[in-house]
Every structure is written in structure tokens, then in C-alpha cells.
Amino acid sequence: MSTEEKPVVPANYNNPGQLVISGNKEAVEAACERLKAAGAKRALPLPVGGAFHSPLMQPAKEELQAAIEATDFATPKCPVYQNVDGKAHTDAAEIKQNLIAQLTASVRWTEEVQNMLKAGATEFTECGPGKALQGMIAKIAKGVEGIVIQGL
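The numbering of the sequence shown is the working numbering, which starts it at 13 and goes up by one.
Here it is as C-alpha cells:
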């Protein structure tokens, strides 16, 4: 396999100081070793089911695109913040395109939370198991007064 077929790309900008990479398994493992040698505090492969948020997801993106395009989207009643660019969106067609792009694009979580804070968000509730998002939000909103972060 050539270098182009073994990409390693930024997958998730989780919070300041935490970046998740994605790509070919062997290439990610090699990148982790290089990052540790360069002084990274932690660099370890995560047990995941695929190279999410990387160009290697293109075949799945094409299937997802067909399903999303066949679905009717209404104009939302409030802005929808999307991981693909971290911005608020209200146009249904734009939201659809961003959902399609998300499978191969980086998750811009840090920017997304920062934009929500700038827009006046003061409460964040995590739905689902664990507290990973609560921890990330706490690091992104560090020093911001009056923020409530909770799980369900």
C-alpha cells in the first residue's frame, strides 16, 4: 500500500490539548509511536470499529448520502450546531450536506462548544452512557462563569 492509501488525519478536535487521529490501523499505530517519541503525554490506539472521520470512510459516505438525500428535512426551530464545521445552521439543505460530509470530515467539537458559548449557551446536558462530553466541555469552558454541565 502506498502512503496515500494509509492516511492518518485529525478525526476529533475534542478539547484544547486532545486530538484524536484516524486512518489505516498500522499507520495510526506508527503515528502514535512517533507522537510519543516527540513528547506527547499520551498517544494510544483506540478500540474503534472503523477509520471514522477519515477518507477511508468514503464508501460508507456514499451509502449514507443516498439515505440522507432520500429523507425530508424540515427547517429546524432552533439552530443546529454541526460537528463538521462547529457552526450553527438553520437551512435544512445545508444541514443535510453537513451530515453527509461528517463521515469523512473531522469533528470540530472544540469550535462547536466555543461557538455555543459565544451564542450564550449556559447549560449542557449529555445524553447516553458515560461522561466523556461533560469532561470535554468542562475543559473547553474552563474559566467561563455560570456554566452547568450535567448528564442524564
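Even for Gly, the Cβ is constructed at its ideal location relative to N, Cα and C.
Sorting A49, A86, A72 and V92 by C-alpha distance to the C-alpha of G61 places A72 at the top. For L145, the enclosing alpha helix (DSSP H) starts and ends at A144 to I152. Pairing M148 with N27 gives a Cβ-Cβ distance under 8 Å. Straight-line measurement puts the Cα of I161 at about 33 Å from the Cα of T83.
By the Cβ test, the region 124-137 is in contact with the region 90-98, since at least three Cβ pairs between them sit closer than 8 Å. Per DSSP, reduced to three states, the secondary structure at N110 is helical.
In this structure A39 touches P19 by the C-beta definition: roughly 7 Å separates them, less than 8 Å.
Counting along the chain, I80 sits inside the alpha helix (DSSP H) bounded by residues Q70 to E81. It is roughly 32 Å from the alpha-carbon of F136 to the alpha-carbon of L68. Around the beta carbon of T116, a 10 Å sphere encloses 16 or more other beta carbons of the protein chains shown; the residue is thus reported as buried. Residue environment for T102: exposed (fewer than 16 other C-beta atoms within 10 angstroms of its C-beta). Q30 and F64 have their C-alpha atoms spaced approximately 17 Å apart. Contact between A23 and S66 holds: CB atoms are separated by about 6 Å, below the 8 Å threshold. The beta-bridge partner set that DSSP reports for A100 consists of Y93. Note on geometry: alpha-carbon atoms of I33 and A105 lie some 29 Å from one another.
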